[in-house]
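Colleague:
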Amino acid sequence: MPKHHDIFEINADQAQASHPMVPKHSTRVYLHHKPRYLTQILAALAISLGPFSAGLGKGYSSPAIASLHSLHIAPNIEVSEQEASWIASLSLGGAFFGALFGGIAMKFGRRSVLLASAPPLSLSWVGTYLATDTRTMFVTSFVGGFCCAIILTVSQVYIVEISEPEIRGRLSAVLKIVNQTGVLLSFAVGAVLNWRQLAFVVALAPAAFFAAVLALPETPSYL
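Counting from 1, position 197 in the sequence shown corresponds to residue 191 in this note's numbering; the numbering is continuous, with no gaps.
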């Protein structure tokens, strides 16, 4: 018995298949499955830069807060324990509202929302890098969490709508794996960089994500 992805050809004129298991009345041609899957895989890898950016942001707080308490690294910023807690927590507050707001993708298109979310996410990290007081960091933390939630929500929808059922689960799993990889990488890099330097590194990921999404089409479901 042939496998699901066997390649056969059908002679439409004679209504005869080159494989004995293909019904003679069928005229569908099953060709080039792998190239079609390849484009979906490449699209998923491009989209995965979004969850990767979110993972970097998620892992930022732990190493950054320890660095913020060091006076020789942040001589002009005095961060109390309570303020440090707010910096870490406000990103979660932003994520709550971002997840709700992510529903606009159904109206404006998945690709458009991803493109709109990447620049403010990158700018929020640039703002953190340039911050001279904790109030600025409160704002950038909230904005970063807001944008990350939108990107995580819409990225998953995008993958579901551009992939075929046979590989949809695997491509969705890639987003989860890459997201957690971003968290681990942020921990690792944060061990050798201070909070400003780490914020600058994190800011690069959404910029790369924006460039990658520019090369992608809108999903068939939205069109």
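Ideal Cβ positions, reconstructed from N, Cα and C, are used throughout, including at glycine.
All of these numbers come straight from a predicted model, not from anything done at the bench.
1. Nearest to A93 by alpha carbon, out of G51, F204, I145 and S116?
2. Would you call the CB atoms of A143 and A89 closer than 9 Å?
3. For L102, count the other beta carbons within 10 Å of its own beta carbon; 16 or more makes it buried, fewer makes it exposed. Which is it?
4. Taking the C-alpha atoms as reference points, what is the distance between V151 and A199?
5. Suppose you measure from the CA of G184 to the CA of A58; what does that come to, to the nearest Å?
6. Going by DSSP in three states, L39 sits in which element: helix, strand or coil?
7. With DSSP as the reference, label G87 as helix, strand or coil.
8. Helix, strand or coil, according to DSSP, for G163 in the structure here?
9. Using DSSP with H/G/I as helix, E/B as strand and the rest coil, what is G139?
10. Between S47 and L115, is the Cβ-Cβ spacing less than 9 Å?
11. Got a sec? Which residues, its chain only, sit under 8 Å from P45 by beta carbon, not counting five neighbours each side?
12. Using CA coordinates, which residue listed in T213, F136 and D127 is at the minimum distance from V73?
13. Quick check on DSSP: helix, strand or coil for L62?
14. Quick one: is S157 buried, meaning 16 or more other Cβ sit within 10 Å of its Cβ, or exposed?
15. Is there at least one non-hydrogen atom of the ligand SAH closer than 8 Å to the beta-carbon of S118?
16. Need the endpoints of the alpha helix (DSSP H) that A112 sits in, please.
17. Which of helix, strand or coil does DSSP assign to L210?
18. Report yes if the CB atom of S166 is closer than 9 Å to the CB atom of G51, and no otherwise.
19. Between A197 and V133, how many whole angstroms is the CB-CB distance? I'm expecting something under 8 Å.
20. With a threshold of 8 Å on Cβ separation, who are the neighbours of K138 within its own chain once the five nearest residues in sequence on each side are excluded?
21. Just verifying my parser: in three-state terms, what is the DSSP assignment at I153?
22. Give the straight-line distance between the Cα atoms of L192 and A182, rounded to the nearest whole angstrom.
Modeller: Concretely, from the data shown:
1. I145
2. yes
3. It should be pointed out that residue 102 corresponds to Phe in this sequence rather than to Leu. F102 comes out exposed.
4. 20 Å
5. 7 Å
6. helix
7. helix
8. helix
9. helix
10. yes
11. I145, L146, S149, L169, K170, V172, N173 and G176
12. D127
13. helix
14. buried
15. The ligand SAH is absent from the structure shown, which contains no ligands of any kind.
16. R104 to L124
17. coil
18. no
19. In fact, because the Cβ distance is near 15 Å, the residues do not count as touching under 8 Å.
20. The displayed chain sequence assigns Gly, not Lys, to residue 138. Once the five neighbours on either side are set aside, the close Cβ partners of G138 are G51, S85, G88, L115, S118, W119 and T122.
21. helix
22. 10 Å
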